[in-house]
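Taking it in order: structure first as structure tokens, then the write-up.
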Amino acid sequence: MKIGYPCKNLSVGCIGDKTFRLKSYSEERLVSTVQNNLQCLLEMLLFNAAHNILFFRVTSDLVPFASHPACRLNWRGAFKETFSKIGTFIRLHDMRISMHPDQFTLINSQDTAIFKRSVSELSYHAGVLDALGLDDTAKIQIHLGGVYGDRKASIDRFAERFETLDEALKKRLVVENDDTRFTLADCLEVSRRTGLPVVFDVLHHAILNSGETVPDALQCAAQTWGAADGLPIVDYSLQKLEGRKGKHAEFLEANAFEAFLEQTRPIDFDLMLEIKDKEQSAVRAVSIAATDPRFVTLPSFHGGA
DNA sequence: AATGGTCAAGTCAGC
DNA sequence: GCTGACTTGACCATT
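Per my numbering, residue 1 is the first one in the first sequence, and the count goes up by one each step.
Right under this line is the structure:
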């Protein structure tokens, strides 16, 4: 088990997901922004290594507008060396990396133009992971998409569209249960048809489910991951107290987290903490999980080589 | 320097 | 039919 947090670190003092307005787009602006974001990514990874946080979700804003027609820069070429340097660092520390395109990425859209744009967006994400030289355990997680008034047809469309994708995308995609449309059971059905691994989101499952317990749900999701995919990925958060449903908690609650570790004990997975205070919770989770036999540490973490 | 409306992209619930 | 939530802050025009 590796523990991580998504996209940004609030204490390193740099902003790794800087962007700008399309209206003010220029290649110069893009280059300086990407330079900043990559530099900051490395700083966040340095922080993570020092705290034994070996799982990290890279922001989709790393290269702003990468999939937009306005962007004609060959960003992989322009930043080849930086990507390579960061990738080497990641591999050296045996870190796990994931990405999560946002809600505009819809494989199953009824509108083929939206599907096309989604493929471009996915290609950009895969391009980042490829540029870092990461193996097939570096995943891109997406939701199944919209229901469009016909759940079955929308699931069918997802499966059909998936088959048309390039191998470079197929091998990195994983699907995650959401909290309003598609349950874990839906994702498992898609997995049976496509072979896609399923990310289990604990909070989404608490809000929208088919009655499965957490251990049972996790067990089913875990079985969808093959050897080349790496350990199953689990997203963990708890409901914000008094918050609207689905809101992420402000900080990690130690008791609930210990109970979760206890509850899931026989199954090993990598854990993404979707909690507001980001790395703070990850640091706490690492210390709580330190006694768990599943938990992995860097050789140097306890003062060794 | 501070402020507040706005930001590439889509869906869907709720008015 | 339109607006806001999702995620959330940061951009940037205006003062």
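Cβ atoms here follow ideal geometry from the backbone N, Cα and C, with glycine treated the same way.
Per DSSP, reduced to three states, the secondary structure at residue 132 is coil, with no helix or strand assignment. For residue 141, there is no enclosing alpha helix (DSSP H); the enclosing beta strand (DSSP E) covers residues 139-142.
A direct Cα-Cα distance of roughly 34 Å separates residue 61 from residue 259.
Residue 174: member of the beta strand (DSSP E) spanning 173-176, first to last residue. Short of 7 Å from the beta carbon of residue 269, and not among the five residues preceding or following it, lie these beta carbons of its own chain, in chain order: 1, 222, 231, 232, 233, 234. Contact annotation, residue 43 with residue 63: C-beta distance approximately 17 Å; criterion of less than 8 Å not satisfied.
When rounded, the separation of the alpha-carbon atoms in residue 137 and residue 21 is 33 Å. For residue 239, the three-state secondary structure derived from DSSP is strand.
In the three-state reduction of the DSSP assignment, residue 148 falls in the coil class, being assigned neither a helical nor a strand state. Taken through DSSP and simplified to helix, strand or coil, residue 44 comes out as helix.
In the displayed model, residue 296 falls within coil according to three-state DSSP, outside both helix and strand. Residue 233 sits in a strand when the DSSP states are folded into three classes. In this structure, DSSP gives residue 124 a helical state, which the three-state scheme calls helix.
Looking only at 83, 183, 273, 114, the smallest Cα-Cα distance to residue 205 is reached by 183.
Under the 10 Å beta carbon count, residue 56 is surrounded by 16 or more other beta carbons and is classified as buried. Shown here, residue 77 sits in a helix according to DSSP, grouped into three states.
Pairing residue 95 with residue 209, the inter-Cα distance amounts to about 31 Å. The Cβ-Cβ distance between residue 252 and residue 285 falls below 8 Å. Between residue 108 and residue 151, the gap from beta carbon to beta carbon reaches 8 Å or more. Under DSSP, residue 270 forms a beta bridge with 233. Boundaries of the alpha helix (DSSP H) around residue 216: 214-222.
Per DSSP, residue 200 is one residue of the beta strand (DSSP E) stretching across 198-201.
In this structure residue 278 is in contact with residue 10, their Cβ atoms being roughly 5 Å apart against a cut-off of 8 Å.
Excluding residues up to 5 positions away in sequence, 263, 264 lie with their Cβ nearer than 7 Å to the Cβ of residue 215 in the same chain.
Going by C-alpha positions, residue 228 is about 9 Å away from residue 135.
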